[in-house]
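A.B. asks:
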Amino acid sequence: MVSSAGVCWTLADDFAQWWAEGEVVTGKEKGVGSVGSVTPISPESTAAVAPTPGPMEQVTCPSLVEEASHAAVTAQTSGSSRDSGSPLFSIRPSPKGGMGAFALSDIAESTVIMKELALFLATDGKGHLAEELEKLSVEERTEFSKLACYELLDRDRDTAIFKTNRFRTGSSSGIFLVASRFNHSCNPVIRYSYDYSNRQLIFSTKRDVKEGEELTIMYTPNSQYLSMDYGFLCDCGVCDPPLKVPVYYDRWADKVPHETDDW
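In terms of numbering that gives the first Met the number 0, the sequence shown opens at residue 0 and continues consecutively.
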């Protein structure tokens, strides 16, 4: 049996190289484009009533350091307060390895933190996947190739990346560049659902969240599938029995919402 350590490359290692080479950039630095639209929800807008969708911010390259938002870049680099429209989380290296999403402020229960459009939707057929990949720009294709890849899922690397990062959207599956950076927990902080009418993946909090806390989702309710299908074992403390091994946090699962489309 091949261990996960033997087949996994870590985004933490690649991140250091990308940063040194100036490849880690934000939507602000790259300019406006057409990849993975994200609607960040501000703390102010969620204080009293359920948030309504704001203007969709088009981003070319969602950053591996912060969520793709001009306000996020300002807040992170200058220490200024988060103004209206700022995201509630950032994407940065996780203490346990790889990348993760972390709260930028205290977040109340049932707060919508993100609505994201897919980079593309495809069925499991390799032919359809190839067609969708052909439609991507060079820059979009590069962002797709940077996603985690559990190589034992398929000999074809593109197919393995797709299977590692896909979220089910009914009869097809979608690749969501920002959502793919969220790590797994058997006791997740975030629930998600798919809005079929607007074709958006919606993330919201299951409980109150403290500033700096990592925002996790559940890849699968059966922790045994994590090692069998996605190359890591869970050490979240909720598993029965707990698995006392390191977790590889860059393995995104074949995430399938329940019949209610809400986890």
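A virtual CB, placed ideally from N, CA and C, is assigned to each residue, including glycine.
Quick caveat: nothing in here was measured; it's all calculated off a predicted structure.
To the nearest angstrom, how far is the alpha carbon of LYS125 from that of LEU135?
C.D. replies: Translated into positions along the sequence shown, residue 125 becomes position 126. Translated into positions along the sequence shown, residue 135 becomes position 136. About 16 Å.
A.B. asks: If I follow the unbroken beta strand (DSSP E) through ALA102, where does it start and stop?
C.D. replies: Mapped onto the sequence shown, residue 102 falls at position 103. That run of the beta strand (DSSP E) goes 98 to 102.
A.B. asks: Under three-state DSSP, which class holds ARG165?
C.D. replies: In the sequence shown, residue 165 corresponds to position 166, counting from 1. ARG165 falls in the coil class under three-state DSSP.
A.B. asks: Would you kindly work out how many angstroms separate the C-alpha atoms of LYS162 and ARG140, rounded to a whole number?
C.D. replies: As a first step, residue 162 must be located in the sequence shown, where it is residue number 163. As a first step, residue 140 must be located in the sequence shown, where it is residue number 141. Whole-angstrom Cα-Cα distance: 16 Å.
A.B. asks: Is SER136 helix, strand or coil when you go by DSSP?
C.D. replies: Counting from 1 along the sequence shown, the entry for residue 136 is found at position 137. Residue state, collapsed to three classes: coil.
A.B. asks: Nearest CA to the CA of SER196: which residue from LYS114, ALA159 and VAL137?
C.D. replies: Walking along the sequence shown from the start, residue 196 turns up at place 197. Out of LYS114, ALA159 and VAL137, LYS114 has the C-alpha closest to the C-alpha of SER196.
A.B. asks: Taking ILE189 and THR204 to be in contact with their CB atoms under 8 Å, please state how far apart those CB atoms are, rounded to whole angstroms.
C.D. replies: Working through the sequence shown from its first residue, we reach residue 189 at position 190. Working through the sequence shown from its first residue, we reach residue 204 at position 205. Correct: roughly 6 Å between the Cβ atoms.
A.B. asks: Are ALA178 and PHE166 close, meaning C-beta to C-beta below 8 Å?
C.D. replies: For the purposes of this step, residue 178 is taken as the residue at position 179 of the sequence shown. For the purposes of this step, residue 166 is taken as the residue at position 167 of the sequence shown. Contact flag set, yes.
A.B. asks: CB-CB under 6 Å to ILE106, same chain, minus the five flanking residues each way: which ones, in chain order?
C.D. replies: What you label residue 106 is simply residue 107 of the sequence shown in a count that begins at 1. If we look at ILE106 and ignore the five residues flanking it on each side, its Cβ neighbours are LEU87, THR204 and VAL208.
A.B. asks: Taking the alpha carbon of PHE143 as the reference point, which residue from ASP123, SER184, LEU152 and PHE119 has its own alpha carbon closest?
C.D. replies: Translated into positions along the sequence shown, residue 143 becomes position 144. Comparing Cα positions, the closest option is PHE119.
A.B. asks: Please name the residue or residues paired with HIS183 in a DSSP beta bridge.
C.D. replies: As a working mapping, residue 183 is identified with position 184 in the sequence shown. DSSP output for HIS183 lists ILE216 as bridge partner(s).
A.B. asks: Can you give me the C-alpha to C-alpha distance between PHE181 and ASN164, rounded to a whole angstrom?
C.D. replies: Here residue 181 refers to the residue found at position 182 when the sequence shown is read from its first residue. Here residue 164 refers to the residue found at position 165 when the sequence shown is read from its first residue. Computed Cα separation, rounded: 10 Å.
A.B. asks: Mind checking VAL111: buried by the 16 CB within 10 Å criterion, or exposed?
C.D. replies: The count along the sequence shown starts at 1 and reaches residue 111 at position 112. With 16 or more other Cβ atoms within 10 Å, it is buried.
A.B. asks: Which residue marks the beginning of the beta strand (DSSP E) containing LYS114, and which one marks its end?
C.D. replies: Walking along the sequence shown from the start, residue 114 turns up at place 115. Counting along the chain, the beta strand (DSSP E) containing LYS114 begins and ends at 111 to 116.
A.B. asks: Give every residue of the same chain whose Cβ lies closer than 8 Å to the Cβ of GLU212, excluding the five residues on either side of it in the sequence, and list them in chain order.
C.D. replies: Translated into the one-based positions of the sequence shown, residue 212 becomes position 213. So the qualifying residues of the chain are PHE101, ALA102 and VAL188.
A.B. asks: Where do the ends of the beta strand (DSSP E) carrying ARG91 lie?
C.D. replies: Position 92 of the sequence shown, counted from the start, is the residue given in the question as residue 91. Here the beta strand (DSSP E) through ARG91 covers 88 to 92.
A.B. asks: Select from THR122, MET217, GLU108 and GLU138 the residue whose C-alpha is nearest the C-alpha of LEU176.
C.D. replies: Counting from one through the sequence shown, the residue named residue 176 turns up at place 177. Of the listed residues, the one whose Cα sits closest to LEU176 is GLU138.
A.B. asks: Run the CB neighbour count on GLU109, radius 10 Å, all protein chains shown included, and call it buried at 16 or more, exposed below.
C.D. replies: Against the sequence shown, residue 109 aligns to sequence position 110. Reading off the sequence, residue 109 comes out as Ser, not Glu. Exposed, by the Cβ-count rule.
A.B. asks: Looking at C-alpha atoms only, which residue of ASP153, LYS145, ASP157 and GLU150 is the closest neighbour of ALA129?
C.D. replies: Stepping through the sequence shown from its first residue, residue 129 is reached at position 130. Of ASP153, LYS145, ASP157 and GLU150, the residue nearest in Cα terms is ASP157.
A.B. asks: Which same chain residues, not among the five before or five after GLY341, have their C-beta less than 6 Å away from its C-beta?
C.D. replies: Residue 341 lies beyond the range of the chain shown here (0 to 262); nothing can be said about it.
A.B. asks: GLY126 by DSSP, collapsed to three states: which one?
C.D. replies: Here residue 126 corresponds to residue number 127 of the sequence shown, with the count starting at 1. Three-state result, GLY126: helix.
A.B. asks: Mind checking whether THR215 and SER170 have CB atoms under 8 Å apart?
C.D. replies: Residue numbering aside, residue 215 sits at position 216 when the sequence shown is read from its first letter. Residue numbering aside, residue 170 sits at position 171 when the sequence shown is read from its first letter. No, Cβ-Cβ distance for THR215 and SER170 is not below 8 Å.
A.B. asks: Could you have a look at LEU120 and say whether DSSP puts it in helix, strand or coil?
C.D. replies: To locate residue 120, count along the sequence shown from 1; it is residue 121. Of the three classes helix, strand and coil, the one that applies to LEU120 here is strand, per DSSP.
A.B. asks: Name, in chain order, the residues that DSSP records as bridge partners for PHE143.
C.D. replies: The residue you call residue 143 lines up with position 144 of the sequence shown. DSSP output for PHE143 lists no bridge partner at all.
A.B. asks: From GLU133 to PRO92, what distance separates their C-alpha atoms?
C.D. replies: Your numbering for residue 133 matches position 134 in the sequence shown. Your numbering for residue 92 matches position 93 in the sequence shown. About 30 Å.
A.B. asks: Pull up the distance between the alpha-carbon of ASN186 and that of LEU152, whole angstroms please.
C.D. replies: As a first step, residue 186 must be located in the sequence shown, where it is residue number 187. As a first step, residue 152 must be located in the sequence shown, where it is residue number 153. Taking the straight line joining both Cα atoms gives about 25 Å.
A.B. asks: Taking DSSP as the reference, what is the three-state secondary structure of ARG198?
C.D. replies: One-based indexing of the sequence shown puts residue 198 at position 199. ARG198 falls in the coil class under three-state DSSP.
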